[in-house]
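Chemist: For reference, the structure I am asking about is given below.
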Amino acid sequence: MSRNTSVGSLEAWGLQRWDFDEFHRTELPRRLREGVNEQVAWDVANAAPLAIALPDGRAYTYVCEDGSVRVDAGVSDAAVGIVELQERAWQDYVHEFRNPPSLVLADSVRFVRGGYDDWDTWAPAIRCMYSGRPIYDPAMAFTDRHGDPLDLRQSFTLDDDHEDLSHFLRTAGYVVVRGAMAHRRDEIADEVDRLTAAAKEGEMFSWWVDNQATGKRFPYRLLFMSEYSALIRSLIEDDPTVASLVALAKRDLVPLHDRGQGPLTVLKPFGVGADLGGSIAANLGWHRDCDLGGCTIMCPSINIGIHLDSAGPTGSQLWALAGSNGKVTHSPGKITVDEPNAIPMDTKPGDVTIHYSCTTHAGPPPVGEGTRRTVYLPFYGPDTLRLLGRFEAFEQVLPGYGTGDQPSFFDVADQAVV
């Protein structure tokens, strides 16, 4: 599969195609009057105005004054940023078929004034105004299902009450289940090693990158594994433990074999200080799996991670921003592990993690010599199978998709500045 900036079809869903002027003059003011203002004004209380414009010159400026958000026709002199979008791209934006990161990566935006940071200041509020998605509040409180404070670092086993596991997952956006797949860890690890050895660069089933310190090129991700591994297909289709883990989400979810990236393995056969070639995916910073688009249809979806190696403070362990599931944050690239609700997941071989695709999470570079192999089994909303065709993914908007060599997001954003 190659790059495709048009992946995903807005028209297929019968969603309203808004007139740009009517939306800003009538619909958006109505939403703000009927409660949306209270949901967004707190987050943009100190933000300078921002303008959203079309190439034909039509534009509206988003302003927050005295605790109230309003939309003014035209471009205000006070606007620090002017975000120019193609009309179709703006329609996609309104319905969450595209979000700021994918609009930038798909070359659908120009910054006529200012840059991405100015857009990001308003981005969560705009997304809430457009689609109703709530803004992540780092001061949110976490309670267990009995109303007591929730320990965000706790883990569980399958012997614990599954209602407690389910509540934790749906509240925090992730959960660690100790030893859940320990009984199958060795056979899964052997299969991953076999598939890694058989991977061929240039085929669609693996992504590769250079380890510039050693001069060697290696696969850092195996994709669509259930298409060519009977064992992986049996895990996602027939394994009773996996089925019990999926049930924790309490949603109607289906396995993705040939959409997105399918069942995949993250491979990090390197330790601290590895100098990797150009790829934004080999060491993933803070991100949301569905942030490129389609969240309104695909989510809430989950990824079940089967950990084949230990991942703790010296390895590339998974981190999650507790409570961010189903919500929108400012640019994940600005999040650090020092955030109040940034939680590391220490895992042993055979442990399982579950995270929502819309939970902000990260797989940063290792800080020690620990390496990592993790198999992820994706379970998404059933309509995902209609939204995306076979082997289609919203990741196809990425420059260099399929090659493994994908440029920095911020480099692409800088190139969009006029």
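The C-terminal residue of the sequence shown carries number 418 in the UniProt record's numbering, and the numbering is unbroken.
Glycine is no exception: its CB is placed at the ideal position from the N, C-alpha and C atoms.
Hey, quick one: how far does the beta strand (DSSP E) through threonine 61 stretch, first residue to last?
Modeler: Per DSSP, threonine 61 belongs to the beta strand (DSSP E) from 59-65.
Chemist: According to the Cβ coordinates, are isoleucine 297 and threonine 360 closer than 8 Å?
Modeler: No, Cβ-Cβ distance for isoleucine 297 and threonine 360 is not below 8 Å.
Chemist: Ignoring anything shorter than 3 residues or poking outside the region 23-79, list the beta strand (DSSP E) runs there in chain order.
Modeler: 50-53, 59-65 and 68-73, all fully within the region 23-79.
Chemist: For threonine 143, which of helix, strand or coil comes out of DSSP?
Modeler: Strand.
Chemist: Rounding to the nearest angstrom, what Cα-Cα distance links glycine 57 and valine 417 in this structure?
Modeler: In a straight line, the C-alpha of glycine 57 is about 17 Å away from that of valine 417.
Chemist: Applying the criterion that 16 or more other CB atoms from any shown protein chain within 10 Å of the CB defines a buried residue, is glutamine 396 buried or exposed?
Modeler: Buried is the call here.
Chemist: By Cβ distance below 6 Å, which residues in the same chain neighbour aspartate 346 in space, the five residues on each side in sequence not counted?
Modeler: Once the five neighbours on either side are set aside, the close Cβ partners of aspartate 346 are Gly312.
Chemist: With a 10 Å radius around its C-beta and 16 neighbouring C-beta atoms as the bar for buried, classify glutamine 406 as buried or exposed.
Modeler: Buried, because 16 or more other Cβ atoms sit within 10 Å of the Cβ of glutamine 406.
Chemist: Apart from the five residues on each side of it in sequence, which residues of its chain come closer than 8 Å, Cβ to Cβ, to leucine 165?
Modeler: Around leucine 165: Phe156, Val175, Val177 and Leu248.
Chemist: Determine the burial state of histidine 355: buried for a count of at least 16 other Cβ atoms within 10 Å of its Cβ, exposed for fewer.
Modeler: So histidine 355 ends up on the buried side.
Chemist: On the DSSP bridge assignment, give the partners of methionine 345 in chain order.
Modeler: Paired residues: Leu318.
Chemist: In three-state terms, what does DSSP make of threonine 329?
Modeler: Threonine 329 falls in the coil class under three-state DSSP.
Chemist: Going by beta carbon distance, what residues of the same chain come within less than 7 Å of leucine 43, once the five residues before and after it are set aside?
Modeler: The question names leucine, yet the displayed sequence has aspartate at residue 43. Hits under 7 Å: Pro124, Ala125 and Ile135.
Chemist: Of the residues Val71, Val36, Gly115 and Arg3, which one's Cα is nearest the Cα of aspartate 414?
Modeler: Closest option to aspartate 414, Cα to Cα, is Gly115.
Chemist: Determine the DSSP secondary structure at serine 229, reduced to helix, strand or coil.
Modeler: Serine 229 falls in the coil class under three-state DSSP.
Chemist: Return the residue from the list Gln86, Asn99, Leu284 and Leu308 that minimises the CA-CA distance to arginine 110.
Modeler: Arginine 110 has its Cα closest to that of Gln86, out of Gln86, Asn99, Leu284 and Leu308.
Chemist: Given a threshold of 16 other Cβ atoms within 10 Å of its Cβ, counted over all protein chains shown, does histidine 287 qualify as buried or as exposed?
Modeler: Per the 10 Å Cβ criterion, buried.
Chemist: Starting from tryptophan 122, trace the alpha helix (DSSP H) both ways and give me its first and last residue.
Modeler: That run of the alpha helix (DSSP H) goes 116-131.
Chemist: If you pair each beta-carbon of the region 66-84 with each one of the region 37-53, do three or more pairs fall below 8 Å?
Modeler: Short answer: they touch.
Chemist: Helix or strand or just coil, what does DSSP make of leucine 267?
Modeler: Strand, per DSSP.
Chemist: Alpha carbon to alpha carbon, what distance is there between arginine 386 and serine 244?
Modeler: Near 26 Å, if we compare the C-alpha coordinates of arginine 386 and serine 244.
Chemist: Within the chosen definition, does the region 369-377 reach the region 247-263 through at least 3 CB pairs nearer than 8 Å?
Modeler: A contact exists between the region 369-377 and the region 247-263.
Chemist: For the region 94-105 against the region 55-74, are there 3 or more C-beta pairs whose distance is under 8 Å?
Modeler: Taking 8 Å as the limit for Cβ pairs, the verdict is that the region 55-74 does not touch the region 94-105.
Chemist: Please report the distance separating the alpha-carbon of lysine 348 from that of methionine 1.
Modeler: Roughly 34 Å separates the two Cα atoms.
Chemist: Nearest CA to the CA of phenylalanine 218: which residue from Phe205, Ser226, Ser234 and Glu201?
Modeler: Phenylalanine 218 has its Cα closest to that of Glu201, out of Phe205, Ser226, Ser234 and Glu201.
Chemist: Would the region 225-243 and the region 187-202 be scored as touching if the rule is three or more Cβ pairs under 8 Å?
Modeler: Enough Cβ pairs lie closer than 8 Å, so yes.
Chemist: In angstroms with no decimal places, state the Cα-to-Cα distance between phenylalanine 410 and alanine 362.
Modeler: The alpha-carbon atoms of phenylalanine 410 and alanine 362 are separated by roughly 17 Å.
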